[in-house]
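Sequence order for the protein chains is R and F.
Here the first sequence is numbered in our numbering, starting from -14 and rising by one per residue.
Here the second sequence is numbered in our numbering, starting from -14 and rising by one per residue.
Think of the CB as a built atom: it goes at the ideal place given N, C-alpha and C, for glycine as much as any other residue.
Remember, it's a predicted structure, so these values are computed and weren't measured experimentally.
Protein chains: 2
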Amino acid sequence: MPTPLEACAREVLDVMPLVMRTVRAEMRRHRAPGLTVPHFRALAFLGNNAGASLSEVAEHVGLQLPSMSTLIDGLVTRGLVSRAPSATDRRRVTLNLTPSGQATLATSRRHSQDKLAARLASLSATEQATIMQAMQALRVAFTPEPESAQPG
Amino acid sequence: MPTPLEACAREVLDVMPLVMRTVRAEMRRHRAPGLTVPHFRALAFLGNNAGASLSEVAEHVGLQLPSMSTLIDGLVTRGLVSRAPSATDRRRVTLNLTPSGQATLATSRRHSQDKLAARLASLSATEQATIMQAMQALRVAFTPEPESAQPG
DNA sequence: TATTGTTATACTCTATAACTATA
DNA sequence: TATAGTTATAGAGTATAACAATA
């Protein structure tokens, strides 16, 4: 007989991959500029944290530095992100969304959001509110603790 | 100003990758026999659906048939899954967990569950209950229907 | 001819290791 | 010496295409 906490963990473990698979499949089907979930999350982070460094994005998205370097490289090549040396510390890079990046983010987010919303629309308003609350609680529990650098 | 439904979709889109990244990282760290999330989900499905065919597992996990064939191949090689021709239709394959597979599933599930539970323990009992309810609602909304929305 | 599954092949994503540049 | 980032290289994981076997 599992405790409520155990049951909750198991349910999360069971259901989240199910949801993410749908999201991923939809992103792939849409395939605007081949935006994967990590691409998307990097763009979203830069949308909220203009001028962030590579390390900050990497930590937030959960990739190693070389992987994020490559990922950002692709976004720079595609003209979605600008990359420049920091004025105060020339080891660092300053990352920003270009106008095109902002537009792409908005479009892609809208698309994924709409597809997700279409699914969620089959649920009651109460259930939707419950999901909203659950996500907010999970965000708190799973936001990585800043070890060295904290974005403004 | 987004509607509640839109806000909910956006929150899901934002938070779920955050959670799944932690789960994945933990699985990788544990690295029992290199069980990935899809491996795990395939084992879990077979645990609940003994004798399932390859197509059934593939549909549930959300992989293409060749990918699932390879994945199952690895599980068979590792002695976690048995694979035999179906008695009634020899094109089909009958998949089952071996005792070792059952044990591995239990151990891995317990491990991931424990790690997840440790995170969730920082939340209140009310929040945990909310998450539980949210997952149950999401499960309903995202369980793939056997409809022919997925052509072959 | 249609369905189930496997094999062959290639591509994407991410990691580790080695390196450069700056502090 | 330590930190930020890049480049080189390798290895998982998954997809598409071609194939084999059965219905």
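Three-state secondary structure (DSSP) at residue i?
i	result
Leu20(R)	coil
Ala37(R)	strand
Thr83(F)	coil
Gly137(R)	A caution first: Gly137(R) carries a pLDDT of 27, below 50, which makes its placement in the model too unreliable to give a value.
Ser54(R)	helix
Arg63(F)	coil
Ala106(F)	coil
Thr128(F)	coil
Pro70(F)	strand
Is there a C-beta anywhere in chain R that falls below 9 Å from the one on residue i?
i	result
Ser107(F)	yes
Gln87(F)	no
Gly91(F)	The identity of residue 91(F) in the sequence shown is Ala, whereas the question assumes Gly. Not an interface residue.
Val61(F)	no
Met(-14)(F)	no
Val78(F)	no
Leu75(F)	Sequence check: residue 75(F) is Arg here, not Leu. Chain R contact via Cβ: absent.
Pro136(F)	Residue confidence is low: Pro136(F) scores 31 on pLDDT, short of 50, so the model does not pin down where it sits. Its coordinate-derived value is still stated next. Not an interface residue.
Gly47(F)	yes
Using a Cβ cut-off of 8 Å, pull out every chain R residue sitting near residue i, in sequence order please.
i	result
Met5(F)	Met1, Pro2 and Met5
Closer than 9 Å, CB to CB, is residue i near chain F or not?
i	result
Gln98(R)	yes
Thr115(R)	yes
Val22(R)	yes
Pro51(R)	no
Arg94(R)	yes
Ala110(R)	yes
Gly64(R)	no
Pro70(R)	no
Hey, residue i and residue j are a contact pair by Cβ (cut 8 Å); roughly how many whole angstroms apart?
i	j	result
Val(-3)(F)	Val4(R)	7 Å
Arg104(F)	Phe127(R)	6 Å
Met117(R)	Ala(-8)(F)	7 Å
Val0(R)	Leu28(F)	Val0(R) to Leu28(F), Cβ: 17 Å. No contact.
Leu(-10)(R)	Gln113(F)	6 Å
Thr115(F)	Thr92(R)	No, Thr115(F) and Thr92(R) are not in contact; Cβ-Cβ is about 32 Å, not under 8 Å.
Val46(R)	Met53(R)	7 Å
Arg(-5)(R)	Gln98(F)	5 Å
Arg26(F)	Pro2(R)	6 Å
Ala119(R)	Ala119(F)	3 Å
Which chain R residues sit within Cβ distance under 9 Å of residue i?
i	result
Glu44(F)	Result: empty, since nearest Cβ-Cβ is about 11 Å, beyond 9 Å.
Leu28(F)	Simply none; closest approach about 12 Å.
Leu31(F)	Those within 9 Å of Leu31(F) in chain R number zero; the least Cβ separation is about 14 Å.
Leu82(F)	Within chain R, no residue comes near Leu82(F); the closest Cβ sits about 17 Å away, beyond 9 Å.
Val8(F)	Val(-3), Leu(-2), Met1 and Pro2
Excluding the 5 residues preceding and the 5 following residue i in the sequence, name in chain order all residues of the same chain whose CB lies nearer than 8 Å to its CB.
i	result
Leu80(R)	Leu31, Gly36, Ala37, Ser38, Leu39, Val42, Ile57, Val66, Ser67 and Arg68
Pro(-13)(R)	Arg(-5)
Ser109(R)	none
Please work out which residues of its chain come closer than 7 Å, Cβ to Cβ, to residue i, disregarding the five sequence neighbours upstream and downstream, and give them in chain order.
i	result
Arg9(F)	Val22
Gly64(R)	Thr83 and Ser85
Leu101(F)	Val8
Residues of chain F with CB under 7 Å from residue i, in chain order?
i	result
Leu39(R)	None at all; the shortest Cβ gap to chain F is about 18 Å.
Met120(R)	Glu(-4), Val(-3) and Val0
Glu11(R)	In chain order: nothing, as chain F lies at least about 11 Å away.
Arg104(R)	Ala126 and Phe127
Leu123(R)	Val0, Val4 and Ile116
Closer than 7 Å by beta-carbon distance: list the chain R residues that pair up with residue i, in chain order.
i	result
Leu101(F)	Ala(-6), Val(-3) and Leu(-2)
Gly19(F)	Simply none; closest approach about 17 Å.
Check the Cβ of residue i against every Cβ in chain F and list those closer than 9 Å, keeping chain order.
i	result
Leu56(R)	In chain order: nothing, as chain F lies at least about 14 Å away.
Can you list, in chain order, the residues of its chain whose CB lies under 6 Å from that of residue i, leaving out five sequence neighbours each side?
i	result
Glu44(F)	none
Thr89(R)	Leu65
Arg77(F)	Ser38 and Ser71
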